[in-house]
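Quick notes on the structure that follows.
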Amino acid sequence: MKSLRKEQHAVIIDDISRLARGLMAHFEQRVKISDAGGVLVSPSIEFGEGSDSQLVENLLASVSQHQRQKNGEQTVNRMRARVQNGYWVFQAPIGYKYERVSGHGKLLVRDEPNASILQEALEGYATGRFETQVEVKLFLERQPSFPKDLPNGEIRNQRVYDMLTRVDYAGHVEAPNWGIGLRKGTMRALSLSRPSR
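Set out below in structure tokens:
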């Protein structure tokens, strides 16, 4: 934090939750402001050096951290429930995009032209048209609109493997970290074949 020592400055926050994301970070910021010669000011709380003021500040900072943690838990619980019902809730993979659909909320839908490109690659590999992952890689690299992940216009081998084994491309969802096994998804599959692991 830049020095505030030439004259006293105030750091103004509208609420104690705006200073930091956690209790420890809150106190670290308070020390930095003080060390720089500044004071913390808020219309919703009076910061003071007395024991009562510090107790109130500690309690409010603790409550703020608890609210953040609770909000995070509720978000994860909502996401977990959607996955259990067959919805993909993570970042949209190449070939899909999120679109708000009545009765479903945000739903994965095909994102052209990459959806068709990937469908040709996946089905070509499943049927033997592309005999190796290298052939799939070369096919994808020849598609001008398909995103490449290397500066020379190539695609990493690991990325090709990941695309060939993604369950969402086969119209399924799963979240092993949440204890949710493979199940039919609500998205339209890009490949009729089940992913090979």
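In terms of my numbering, the sequence shown opens at residue 43 and continues consecutively.
Built from N, CA and C at the ideal position, the CB exists for glycine as well.
All values reported here derive from a predicted model rather than from experimental measurement.
Between Gly195 and the rest of its own chain, which residues show a CB-CB distance below 7 Å, the 5 nearest in sequence each way excluded?
-> The sequence position of residue 195 within the sequence shown is 153, counting from 1. Counting only Cβ-Cβ distances below 7 Å, and skipping sequence neighbours, we find Glu183.
Mapping DSSP to helix, strand and coil, what is His51?
-> Numbered from 1 along the sequence shown, position 9 holds the residue referred to as residue 51. His51 falls in the strand class under three-state DSSP.
Could you tell me the distance, in whole angstroms, from the CA atom of Phe172 to the CA atom of Trp220?
-> Stepping through the sequence shown from its first residue, residue 172 is reached at position 130. Stepping through the sequence shown from its first residue, residue 220 is reached at position 178. For Phe172 and Trp220, the distance between alpha carbons rounds to 35 Å.
Mapping DSSP to helix, strand and coil, what is Val148?
-> Your numbering for residue 148 matches position 106 in the sequence shown. According to the sequence displayed, residue 148 carries Lys and not Val. Strand at Lys148.
Per DSSP, which residues does Val143 bridge with? Please list them.
-> As a first step, residue 143 must be located in the sequence shown, where it is residue number 101. According to DSSP, which records beta bridges pairwise, Val143 is partnered with Gly147.
In chain order, what residues of the same chain lie with their CB nearer than 6 Å to the CB of Arg236, ignoring the 5 residues before and after it?
-> Position 194 of the sequence shown, counted from the first residue, corresponds to residue 236. At Arg236, the pLDDT of 49 sits below 50, so the modelled position is not reliable; the number obtained from the coordinates is stated separately. So the qualifying residues of the chain are Ala212.
Mind checking whether Met205 and Leu150 have CB atoms under 7 Å apart?
-> As a first step, residue 205 must be located in the sequence shown, where it is residue number 163. As a first step, residue 150 must be located in the sequence shown, where it is residue number 108. Their beta carbons are not under 7 Å apart, which means Met205 does not touch Leu150 by this criterion.
When burial is assigned at 16 or more other CB atoms within 10 Å of the CB, is Gly137 buried or exposed?
-> Stepping through the sequence shown from its first residue, residue 137 is reached at position 95. With 16 or more Cβ atoms within 10 Å of its Cβ, Gly137 is classed as buried.
Coarse secondary structure for Gly223, derived from DSSP in three states = Looking up residue 223 in the sequence shown gives position 181. In the structure shown, Gly223 sits in a strand (DSSP, three-state: E or B).
Out of Glu177, Lys139, Asn119, state which residue places its alpha-carbon closest to the alpha-carbon of Ile222.
-> On the sequence shown, position 180 is the one that residue 222 refers to. Minimum Cα distance to Ile222 is reached at Asn119.
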